[in-house]
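**Q** Structure in structure tokens, see below.
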Amino acid sequence: MSLEVVQVRYGERVTRKSAVLHEYASYGEPDGDLHMDYNFWVLRDGSRTMLLDTGYDIGERDWLGEQPVIPTAEALGLLGIDPLDVSTVVTSHFHYDHIGHLGLFRNAEVVAGVAEHDYWLGKWRRDELAGEFATAGHLQAVQLAADEGRLRLVSEETEVSPGVTVYPVGGHSPGELLTMVEERLIMAADAAHFYEQIENEWPFFAFTDLGEMRRGLSFINGLAAETGATVIPGHDGRVRDRFPALTGPAAEVATVLG
Ligand SMILES: [Zn+2]
Numbered sequence: 001m002s003l004e005v006v007q008v009r010y011g012e013r014v015t016r017k018s019a020v021l022h023e024y025a026s027y028g029e030p031d032g033d034l035h036m037d038y039n040f041w042v043l044r045d046g047s048r049t050m051l052l053d054t055g056y057d058i059g060e061r062d063w064l065g066e067q068p069v070i071p072t073a074e075a076l077g078l079l080g081i082d083p084l085d086v087s088t089v090v091t092s093h094f095h096y097d098h099i100g101h102l103g104l105f106r107n108a109e110v111v112a113g114v115a116e117h118d119y120w121l122g123k124w125r126r127d128e129l130a131g132e133f134a135t136a137g138h139l140q141a142v143q144l145a146a147d148e149g150r151l152r153l154v155s156e157e158t159e160v161s162p163g164v165t166v167y168p169v170g171g172h173s174p175g176e177l178l179t180m181v182e183e184r185l186i187m188a189a190d191a192a193h194f195y196e197q198i199e200n201e202w203p204f205f206a207f208t209d210l211g212e213m214r215r216g217l218s219f220i221n222g223l224a225a226e227t228g229a230t231v232i233p234g235h236d237g238r239v240r241d242r243f244p245a246l247t248g249p250a251a252e253v254a255t256v257l258g
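Numbering of the sequence shown is given in the UniProt record's numbering, commencing with residue 1 and proceeding in unit increments.
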């Protein structure tokens, strides 16, 4: 049975190309609005429910003017998912908008890049999180998973569940992970926020290593060419135009990617 992949939009904002694409003016292209969705993704079949990322509570703090669409727990309810039944949570990286509700998934194996883990836990230990995109509150949920033996750190291409393979790419954050689903879908998360970044290999404005980010974008395109898989950028509002809404109560917030 193949996995159903559903994108859930929990927040949104409108930004400008020039505000989020690195050195956008240098391309000589016109500026324009970008509809930026904030998503997490559900991967499920008859026997497994997995998540890629977990969203965050926009009501608690909106970092960049994010508008709430639906809280993660409520969205899961509409999808008929009990967080305690989720077997695996793959974290693309530890930024606030990706692991905010990790603590809901008390029984899940948590998958993360070892470089991501070491970078942020190190900063937390050294009290260096001020002004950063990760919070101690969110990292506590990572630590809890580690303490309970549920944290799985990866440093290379790894099949974390049958048909679900992660690839460390770094760049935006030191241990960013790509997730490939059954050689059909490449879930880029923040290795590529927008379609323009995939089409042109344009970096995002926020990075820890610009060279790694460029190599990550070219790796995504190489992997797509090799497998024929479709690339899903992590924050692009146009994904909702290209794929159908889920039928049923979650239709307003959920899009079926395959
Ligand atoms: Zn993000």
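We put the beta carbon where it would ideally sit given N, CA and C, even for glycine. All of these numbers come straight from a predicted model, not from anything done at the bench.
(1) Taking the Cβ atom as the reference point for each residue, do residue 91 and residue 69 lie within a distance shorter than 8 Å?
(2) Between which two residues does the alpha helix (DSSP H) harbouring residue 97 extend?
(3) Could you tell me the alpha carbon to alpha carbon distance between residue 164 and residue 193, rounded to whole angstroms?
(4) Would you tell me roughly how many angstroms separate the C-alpha atoms of residue 153 and residue 52, rounded to the nearest one?
(5) From the DSSP output, read off the bridge partner residues of residue 44.
(6) Check each residue's C-beta against every heavy atom of ligand 1 and list, in chain order, those closer than 5 Å.
(7) Which residues in the same chain as residue 116 place their Cβ atom closer than 8 Å to its Cβ, once the five residues preceding and following it in sequence are excluded?
(8) Mark residue 141 as exposed unless 16 or more other C-beta atoms lie within 10 angstroms of its C-beta, in which case mark it buried.
(9) Assuming the contact rule is C-beta atoms closer than 8 Å, residue 203 and residue 214 should be a hit. Round their C-beta distance to whole Å, please.
(10) Can you look up residue 206 in the DSSP assignment and give me helix, strand or coil?
(11) Measuring CB atoms only, is the stretch 59-67 touching the stretch 13-20, in the sense that at least three cross pairs come out at less than 8 Å?
(12) Please classify residue 85: does DSSP put it in a helix, a strand, or coil?
(13) When the Cβ atoms of the stretch 134-148 are set against those of the stretch 180-192, are three or more pairs found closer than 8 Å?
**A** Taking the definition as stated:
(1) In the sequence shown, residue 91 corresponds to position 91, counting from 1. In the sequence shown, residue 69 corresponds to position 69, counting from 1. Going by C-beta atoms, residue 91 is not nearer than 8 Å to residue 69.
(2) Here residue 97 corresponds to residue number 97 of the sequence shown, with the count starting at 1. Looking at the DSSP string, the run of the alpha helix (DSSP H) that includes residue 97 is 96-99.
(3) Start at 1 with the first residue of the sequence shown, and residue 164 comes out as number 164. Start at 1 with the first residue of the sequence shown, and residue 193 comes out as number 193. Using only the alpha carbons, I get a separation of about 20 Å.
(4) Stepping through the sequence shown from its first residue, residue 153 is reached at position 153. Stepping through the sequence shown from its first residue, residue 52 is reached at position 52. Residue 153 and residue 52 have their alpha carbons spaced roughly 15 Å apart.
(5) Walking along the sequence shown from the start, residue 44 turns up at place 44. Partner(s): 4 and 49.
(6) 97 and 190
(7) As a first step, residue 116 is located in the sequence shown; it is residue number 116 there, counting from the start. Hits under 8 Å: 91, 93, 94, 173, 174, 175, 176 and 177.
(8) Here residue 141 corresponds to residue number 141 of the sequence shown, with the count starting at 1. That one is buried.
(9) Taking the first residue of the sequence shown as 1, we reach residue 203 at position 203. Taking the first residue of the sequence shown as 1, we reach residue 214 at position 214. Indeed they touch by this definition, with Cβ atoms about 6 Å apart.
(10) On the sequence shown, residue 206 is found 206 positions in, with the first residue counted as 1. Three-state result, residue 206: coil.
(11) yes
(12) As a position in the sequence shown, residue 85 is number 85, starting the count at 1. DSSP places residue 85 in helix when its eight states are reduced to three.
(13) no
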